[in-house]
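In my numbering, the protein residues as written are 52 to 250.
Don't be surprised by glycine CBs; every beta carbon is placed ideally from N, CA and C.
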Amino acid sequence: MPSRPLSPEAGASLVGASLELAVTSMGGLGDGIASYKDKTVFIPKSVMGDRLRARIVHENRDGLQAQIETIITPGPDRNIPPCRYFESCGGCSLQQFSLDYYRQFKTRILRSAITHAGFNGDTAEVVFLDASTRRRVEFKVDPEKRVLAFHAPRSHTPVIIDTCIILHPTLQGMIPIINAKLAQWEFTPQLFAISLTLA
Numbered sequence: 052m053p054s055r056p057l058s059p060e061a062g063a064s065l066v067g068a069s070l071e072l073a074v075t076s077m078g079g080l081g082d083g084i085a086s087y088k089d090k091t092v093f094i095p096k097s098v099m100g101d102r103l104r105a106r107i108v109h110e111n112r113d114g115l116q117a118q119i120e121t122i123i124t125p126g127p128d129r130n131i132p133p134c135r136y137f138e139s140c141g142g143c144s145l146q147q148f149s150l151d152y153y154r155q156f157k158t159r160i161l162r163s164a165i166t167h168a169g170f171n172g173d174t175a176e177v178v179f180l181d182a183s184t185r186r187r188v189e190f191k192v193d194p195e196k197r198v199l200a201f202h203a204p205r206s207h208t209p210v211i212i213d214t215c216i217i218l219h220p221t222l223q224g225m226i227p228i229i230n231a232k233l234a235q236w237e238f239t240p241q242l243f244a245i246s247l248t249l250a
């Protein structure tokens, strides 16, 4: 789809415009931050140092929200996301970070929160768990296809998955079992979500 040309009119909405941007900082939720003229642009799934082309999808008084179209030059800490659903699924948002940068980022966020609460965050130690150890999850249910799903980023659009690499293998093994039950159960279309806990 061709990019919509930017309107030369002052104050015109930028929603739908395709812009070339440079990520110069990171927000607390992991969105890359760039700027366009006098506006702040938040770009999910980007990395510090990325130069990319992104389409503006939302605009409000806080700034612009964009989606990556093309990565022109990746930042030095960009990683190839290990999950095949990463681009479409909203369950994870930081798999584009290298492991070292991810740990630095999370440590900085935690220490900042502790300091903001009035304690000494400088000495706080962060414990990072290995992959495939998550013991709790909430799945959404696609009522039409009658299977487990997550939502796409910032939407209620279901993304059907058959595995989730951050889950404990026991919970991963439950996905096909639950999907088989959902396909048969007459009340499935009335379900919104299913939560699992490995106790």
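Item, Value
"Under the three-state DSSP convention, the category Ile-228 falls into", "helix"
"In DSSP terms, what Asp-193 is bridged to", "Val-198"
"Uninterrupted beta strand (DSSP E) stretches inside the segment 71-129 (no shorter than 3 residues)", "83-87, 90-94, 102-111 and 114-124"
"Cα-Cα separation, Tyr-152 to Val-198", "35 angstroms"
"Cβ pair count under 8 angstroms reaching 3, the segment 103-115 against the segment 129-137", "no"
"Distance between beta carbons of Ile-229 and Ile-245, contact taken as under 8 angstroms", "7 angstroms"
"Alpha helix (DSSP H) segments (min. 4 residues) lying fully within the segment 136-190", "150-167"
"Rounded straight-line distance, which links the Cα of Ala-200 to that of Lys-191", "5 angstroms"
"Nearest-angstrom beta carbon gap, Leu-161 and Gly-81 [assumed within contact, 8 angstroms]", "About 13 angstroms; that fails the 8 angstroms criterion."
"Minimum C-alpha distance to Ser-183 - residue among Ile-216, Ala-164 and Ala-85", "Ile-216"
"Burial state of Lys-96 (16 or more Cβ within 10 Å)", "buried"
"Nonlocal neighbours in the same chain, by C-beta distance under 6 angstroms from Leu-150, ignoring five residues either side", "none"
"Own chain partners of Gly-79 with C-beta closer than 7 angstroms, once the 5 adjacent residues on each side are dropped", "Ile-160"
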